[in-house]
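K.L.:
Quick note, this note's numbering runs 1 ahead of the 1-based positions in the sequence shown.
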Amino acid sequence: MFHHVQPPPANKDSPPTDSRPKERTRQACGLCRQMKIKCDGATPCGHCRTSFNDCVYPESRRKRKVPPAAERLEQLEKRLKAIEESQQATPTARELLPGEAHHILPGPPIIAANTGASPSKSPALNLSPNDTQSQGEARYGESSADRSFIEFLKTEFGAWPGMDVDSRLLTRREPRTKLFPRGGGDASIDTVSLPARDRAEHLIRLALDSYLLYPVLHRPTFYSVFYLLYILQRCDYGEEERRHIPLVYSLMALGSLFERATDQAFDPIAEGRNYFAVCRNLVDLQDCNDAVTLQAIFYMNLFLLNTERMSCCYTYLSHALSLVIRMNCGRACARDSKMVTEVKQRLLLSIRQLVSITASICGVPRLSGIDENDAEYLCTVLEAQAGSTMTGPSSNQAWEIFGFIALLKLQKISDQITKALYPSSCIKQRHDGSSPSHLVSSETIFNFERELQKWAASLPAGYILGKEKGIPCLERAKYELCIAYTHVKILLYRPFLHYLLDQNGEAGNEFRIYASACVNASHDLIRLAEDMHRRDLLIGTHYRMVYMCCTAALSLIYVVAGSKSLDFPHV
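(1) How about the segment 201-211 and the segment 325-338: do they share at least three Cβ pairs that are nearer than 8 Å?
(2) Measure from the alpha carbon of G404 to the alpha carbon of each residue in A271, V520 and I465, then state which is nearest.
(3) For L322, verify whether its CB is less than 7 Å away from any heavy atom of the ligand PLP.
(4) For H4, collect the residues of the same chain with a Cβ closer than 7 Å to its Cβ; drop the 5 residues on either side in sequence, then sort them by chain order.
(5) Kindly list the residues whose CB is nearer than 8 Å to the CB of Q136, restricted to its own chain and excluding five residues on each side of it in sequence; keep chain order.
(6) With which residues is A139 paired in a DSSP beta bridge?
(7) Give the straight-line distance between the Cα atoms of D191 and V560, rounded to the nearest whole angstrom.
(8) Could you round the C-beta distance between S211 and F259 to whole angstroms and report it? I think they count as a contact, below 8 Å.
(9) Starting from the C-beta of C56, find all residues in its chain whose C-beta is less than 6 Å away, skip the five residues before and the five after it, and write them out in chain order.
(10) Helix, strand or coil: how does DSSP classify Q287 here?
(11) The alpha helix (DSSP H) that contains G256, what's its start and end?
(12) Applying the criterion that 16 or more other CB atoms from any shown protein chain within 10 Å of the CB defines a buried residue, is F181 buried or exposed?
(13) Does I232 pass the burial test, meaning 16 or more other C-beta atoms within 10 Å, or should it be called exposed?
(14) Figure out for me which residue from A292, L306, S257 and F223 has the closest Cα to the Cα of R208.
(15) Please classify F512: does DSSP put it in a helix, a strand, or coil?
(16) Could you give the distance in angstroms between the alpha-carbon of W456 and the alpha-carbon of L348?
(17) When burial is assigned at 16 or more other CB atoms within 10 Å of the CB, is F267 buried or exposed?
(18) My understanding is that A321 touches I298, with C-beta atoms under 8 Å, so please give their C-beta distance in whole angstroms.
(19) Where Q287 and E242 are concerned, what is the direct C-alpha to C-alpha distance, given to the nearest angstrom?
(20) Rank A458, Q417 and L460 by C-alpha distance to the C-alpha of L445 and give the top, closest one.
(21) Less than 8 Å separating the beta-carbons of A146 and F497?
(22) How would you call Y224, buried or exposed, if buried means at least 16 neighbouring beta carbons within 10 angstroms?
(23) Taking 6 Å as the limit between beta carbons, can you name the residues of its chain near K345, skipping five residues before and five after?
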């Protein structure tokens with residue numbers, strides 16, 4: 002059934018065959034791999050040699066050897082050490098030292114050398130990923146306002162001599178200036194008389210120079226109309242001239258607050274109140290529909306901020322914010338020129354920033370009149386328009402606008418700090434009945450420090466103290482920006498000031514460094530204000546300067562009042 006077939010006998014003349022199996026090609030060239038054909042592994046291979054193609058072999062891929070756990074841990078430690086060394090080697094600006102406030106630009110929150118603390122302990126420089134996960138107790142008095150901090154002082158230390166002094170008695174003796182009068186005024190544009198041109202021009206220049214960081218007025222356009230008011234007869238006034246008369250009075254009222262009183266019998270503030278009353282009777286606060294009238298209302302609010310209580314000013318500024326929102330100042334209108342559109346945008350951002358500052362001072366909720374993204378977009382638009390026709394070669398506002406944008410960006414960081422460290426909800430009442438508190442991670446503080454460093458690094462060269470000397474109004478604006486920057490640092494570190502007095506606590510050493518940074522920032526702010534006074538730049542009534550100096554003084558008072566019975570080497 003099965004047949005056995007025998008193979009034919011081998012030829013003795015044929016070459017012997019190798020019985021071993023052919024060696025398998027380890028790697029194929031790129032073309033053979035792509036065509037999915039067999040490759041002999043030669044260089045070039047048989048297929049590429051006959052088809053005259055480039056024979057290219059891919060690089061060999063070796064399998065990575067997974068290092069053991071100990072070796073991987075050692076590699077991670079080396080990388081972490083290299084990151085820390087690179088951070089320490091990064092050049093950063095140091096803090097202000099006594100007597101050199103006018104030589105130092107704003108810098109990161111590093112511990113000053115005169116406090117006895119080591120700069121290497123700065124929370125902004127030596128934070129490892131593990132450290133950023135720690136949390137500290139932030140104590141406050143419901144908001145970032147100084148009034149709440151004073152209540153915190155009373156709760157923490159009790160009563161002290163002089164704390165119940167009624168500081169409003171001097172204010173009550175004087176007649177209050179109101180934006181909304183009970184009865185309508187009898188003044189009209191046809192009956193009011195302008196003061197001498199030299200006097201009016203002097204007061205207007207004082208007002209504009211004192212608020213250089215709020216460039217809401219196009220000076221060439223304003224002065225062209227201002228000179229027409231004194232050249233033309235009253236009967237020849239057009240609509241544009243009649244609209245500028247309230248603006249002139251509001252600027253004169255504001256400028257009178259920054260005038261030097263050479264005669265003791267002369268009261269510039271009383272003169273400013275008279276100018277303000279005339280402007281208030283000329284301006285229609287209800288039917289405001291043009292940029293010039295809105296500018297007059299803006300400068301009226303600045304006058305009130307320097308003369309009246311913050312709670313009333315918060316109401317007035319809220320009304321002004323509703324006006325700019327109703328007029329849709331954030332968007333370009335077809336009937337408005339490019340200059341008017343830019344003025345409206347600056348007014349919107351300026352009033353919104355004043356509302357935010359006043360809310361922080363009073364400790365009341367901040368109004369959201371404009372979206373954060375819209376505000377950032379408007380800042381970008383204004384920065385791009387800094388070299389446009391409105392800020393051309395004939396105007397000085399080309400460098401004013403950059404200071405204005407820097408102030409807006411700093412206020413944005415301040416608002417974020419207030420929202421994160423002084424929240425109105427999610428707080429815990431302490432067991433001993435003292436002020437409420439909540440936990441804040443050091444990573445949050447670290448991120449805010451980085452934001453402040455970026456702001457200081459992006460500050461225009463013309464606004465850096467000591468880099469180049471400018472005119473007095475520009476030097477004053479430089480100090481205002483630097484003091485505002487230092488004030489934001491105080492608000493960042495002040496919730497942890499109680500760690501400075503807790504010597505028995507084992508935890509919180511890192512947050513004790515933050516408390517020391519608050520003391521250093523308070524010293525720096527006061528030294529900057531003293532330097533302004535020494536250079537004759539601190540003139541007139543400036544509400545925000547007083548508020549920021551008060552914030553620094555209260556922080557130092559807290560440390561002094563709490564360390565009287567302690568062996569505290571840092572004070």
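Ideal Cβ positions, reconstructed from N, Cα and C, are used throughout, including at glycine.
Computed from a predicted model, the values in this text were never measured in an experiment.
P.N.:
Quick answer:
(1) no
(2) I465
(3) As far as ligands go, the structure on display features none, and thus does not contain the ligand PLP.
(4) Note that H4 scores 49 on pLDDT, short of 50, meaning its location in the model is unreliable; the coordinates nonetheless yield the value given after this. Here the set comprises nothing.
(5) L440, V441, S442 and S443
(6) H439
(7) 59 Å
(8) 5 Å
(9) C30, P45, C46 and C49
(10) coil
(11) E240 to G256
(12) exposed
(13) exposed
(14) Looking at the sequence itself, residue 208 is Ala, so the reference to Arg does not match. Residue S257 is the option with its Cα nearest to A208.
(15) helix
(16) 23 Å
(17) exposed
(18) 6 Å
(19) 21 Å
(20) A small fix is needed here, since residue 445 is Thr in this sequence, not Leu. Checked all of A458, Q417 and L460; the closest Cα to T445 is Q417.
(21) no
(22) exposed
(23) A292 and C330
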